[in-house]
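Asker:
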Amino acid sequence: MSENGSEHAPSETGEERIAVSADSSQFQVAARHPRRVEKSAFVLFLVSVAAFAAFGATYVLGASDMVLGVLLAVGMLGFGVALASWGKYLMPRGPFEEYRAPMRTTEEQKKLLVSDFASRGKVAIERRGFLAKVMGVAGAVFGVVALFPLIRSLGPKPGKTLDTTPWKKGSYLTDINGRRLTVADVNVGGFVTCFPEDDIGGAMSQTVLLHPQTTDIVTRVGRETWAPQGYIAFSKVCTHAGCPVGLYEQATEQLLCPCHQSLFDIYSGCEPVFGPAPRPLPQLPLYIDSKGYLRAQAPYNEPVGPGFWTRGGEL
Ligand code: FES
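Residues in the sequence shown are numbered from 997 upward in steps of one, following my numbering.
1. Measure the alpha-carbon distance for A1292 versus F1138 and round it to whole angstroms.
2. Using the Cα positions of G1303 and L1064, report the straight-line distance between them to the nearest angstrom.
3. Within a Cβ cutoff of 7 Å, which residues of the same chain sit near W1163, ignoring the five residues on either side of it in sequence?
4. Please report the straight-line C-alpha distance between A1018 and G1090, rounded to a whole angstrom.
5. Give a yes or no on whether 7 Å exceeds the smallest Cβ distance from L1108 to chain B.
6. Exposed or buried, Y1168, counting other C-beta atoms within 10 Å across all chains shown (16 or more means buried)?
7. Look at the alpha carbon of G1074 and the alpha carbon of A1050, and state the distance between them as a whole number of angstroms.
8. Near the ligand FES, which residues have their beta-carbon less than 7 Å from any of its heavy atoms, given in chain order?
9. Taking just the CA atoms, how far does P1278 sit from I1262?
10. Please state if the CB of C1239 and the CB of C1255 are separated by a distance shorter than 7 Å.
11. If you check the beta carbons only, do F1048 and G1083 fall under 7 Å apart?
12. If you count every other CB in all the chains shown that lies within 10 Å of the CB of A1273, and 16 or more means buried, which is it?
13. Taking Y1283 as part of the alpha helix (DSSP H), name the residues at either end of that continuous run.
14. Starting from P1145, trace the alpha helix (DSSP H) both ways and give me its first and last residue.
15. Tell me whether I1172 is buried or exposed, calling it buried when 16 or more other Cβ atoms sit within 10 Å of its Cβ.
16. Which partner residues does L1079 have in the DSSP bridge list?
17. Does DSSP put N1297 in a helix, in a strand, or in coil?
18. Between S1081, V1130, L1068 and G1076, which has its C-alpha nearest V1025's C-alpha?
19. In this structure, what does DSSP give as the bridge partners for E1104?
20. Rounding to the nearest angstrom, what Cα-Cα distance links V1133 and G1197 in this structure?
21. Is the distance from the Cβ of A1229 to the Cβ of I1213 below 7 Å?
22. Sort out for me which residues DSSP pairs P1268 with in a bridge.
23. If you compare alpha carbons, which of D1195, L1205 and G1125 is closest to D1181?
24. Using alpha carbons as the reference points, say which of S1044, R1096 and D1061 lies closest to V1077.
25. Output needed for V1300: all residues of its chain with C-beta closer than 7 Å, excluding positions within five of it in sequence on either side, in chain order.
26. For the region 1023 to 1103, list the alpha helix (DSSP H) runs that are entirely contained and at least 4 residues long, ordered along the chain.
27. Please report how far the alpha carbon of L1290 lies from the alpha carbon of G1151, in whole angstroms.
28. For A1237, which option in R1275, R1116 and V1119 has the closest C-alpha, if you only look at C-alpha atoms?
29. Could you pull the start and end residues of the beta strand (DSSP E) that I1228 belongs to?
30. From the DSSP secondary-structure annotation, give me the bridge partner or partners of P1187.
31. Less than 7 Å separating the beta-carbons of S1258 and G1271?
32. So for P1302, helix, strand or coil by DSSP?
33. If contacts are defined as beta-carbon pairs under 8 Å, then Y1227 and V1179 qualify, I think. What distance do you get, rounded to the angstrom?
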């Protein structure tokens, strides 16, 4: 018997096992006064029983949430503390270790395996050589065929859809309900998300229409007519990772992308002035027709959204 009361007993296979008896130190409880802990746990369990029962009764009687909450808390607290005390102080403190036989392969077994494979295994495979060859062919064909669904799962080729949007010359600016927008629909300081009529809700054609002032806005040379009477529109697809640039800070005349806080300055053609966006939001050239409808002079003249595949090295 060892110092802690456990015995080293031989197993049926002759291996030595450690047997833990009721007298072993591992089997003793951690509490110095087990009776006291026992009583405390007992009382706490009784408290939780009373609290749970009271919870049930008061629930039926329609008691307030506060009363129900207090009773439930008392019940669960009592139950939890009693259970934890029982487990921590009144259970054998261990540790218990199970004997595990060594599983190491001996040098002799390794040599035997090698010689067995070299003799019988090789012969067995070579005896049916044609099967091994046809199996190789089947594996190779499967490997090639397995690529088909993989390639197909990449979806259809994007073609030119990454370069263009449904916006075209003469497109009406419409709201999410398909209603054509007029100059009366956006007050000074206003902000509306709009789409072309044939792509309402389209992820790549979503556009923000702003009206920061009542006179023409020129953001760049060559864009003198793009923002008549202060109506100005930009792609809503962030050039960083494609989130919708959904916030307009009227005080600073900036658009904010909430994903990574890129800020775009409206008056400089939505140049990014803060954050990770690598390039400006494309501007949609606008005009106002004779009936006051806001329309596109032309499509976007560059791809919208994060265009890293055509602008290698910019990110
Ligand atoms: S997606 Fe707009 S800042 Fe990242």
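All residues carry an ideal CB built from backbone N, CA and C; glycine is no exception.
Answerer: Taking the structure as given:
1. So the two alpha carbons sit approximately 52 Å from each other.
2. In a straight line, the C-alpha of G1303 is about 58 Å away from that of L1064.
3. Within its own chain, the residues whose Cβ lies closer than 7 Å to the Cβ of W1163, once the five positions on either side in sequence are excluded, are P1192, S1201, L1280, A1292, P1295 and Y1296, listed in chain order.
4. The straight-line gap from Cα to Cα measures roughly 12 Å.
5. The chain inventory of the structure shown lacks chain B, comprising one protein chain alone.
6. Y1168 is classed as buried because its beta carbon has at least 16 other beta carbons within 10 Å across all chains shown.
7. Distance between the alpha carbons of G1074 and A1050: 14 Å.
8. Cβ-based neighbours of the ligand FES within the cut-off: C1234, H1236, A1237, G1238, C1239, V1241, C1253, C1255, H1256, Q1257, S1258, G1271, P1272 and A1273.
9. Taking the CA atoms as reference points, I1262 sits about 11 Å from P1278.
10. A contact, by the Cβ cut-off of 7 Å.
11. Not closer than 7 Å, so no.
12. Sixteen is the threshold: when 16 or more other Cβ atoms of the shown chains lie within 10 Å of the Cβ of A1273, as they do, the residue is buried.
13. Careful: Y1283 lies outside any alpha helix (DSSP H), inside the beta strand (DSSP E) at L1282 to I1284.
14. Segment G1125 to R1148, the alpha helix (DSSP H) holding P1145.
15. By the 10 Å Cβ count, I1172 comes out exposed.
16. Partner(s): none; L1079 has no beta bridge.
17. Collapsing the DSSP output to three states places N1297 in coil.
18. Measuring from the Cα of V1025, the nearest candidate turns out to be S1081.
19. Bridge partners of E1104: none, in fact.
20. Per the coordinates, the alpha-carbon of V1133 lies some 50 Å from the alpha-carbon of G1197.
21. With respect to I1213, A1229 sits apart: the two C-beta atoms are not nearer than 7 Å.
22. Beta-bridge pairing links P1268 to F1260.
23. Minimum Cα distance to D1181 is reached at L1205.
24. Per the Cα distances, S1044.
25. T1161, M1200, S1231, V1233 and P1278.
26. Fully enclosed alpha helix (DSSP H) runs of 4 or longer: 1030 to 1057 and 1061 to 1085.
27. Between L1290 and G1151, the C-alpha separation is close to 36 Å.
28. Taking only the C-alpha atoms, the option nearest A1237 is R1275.
29. Looking at the DSSP string, the run of the beta strand (DSSP E) that includes I1228 is I1228 to S1231.
30. With the sequence shown as reference, residue 1187 is identified as Phe, and Pro is not the correct amino acid for it. Paired residue(s): L1206.
31. It is a contact, given that the beta carbons lie within the stated cut-off.
32. Three-state result, P1302: coil.
33. That pair is a contact at about 7 Å.
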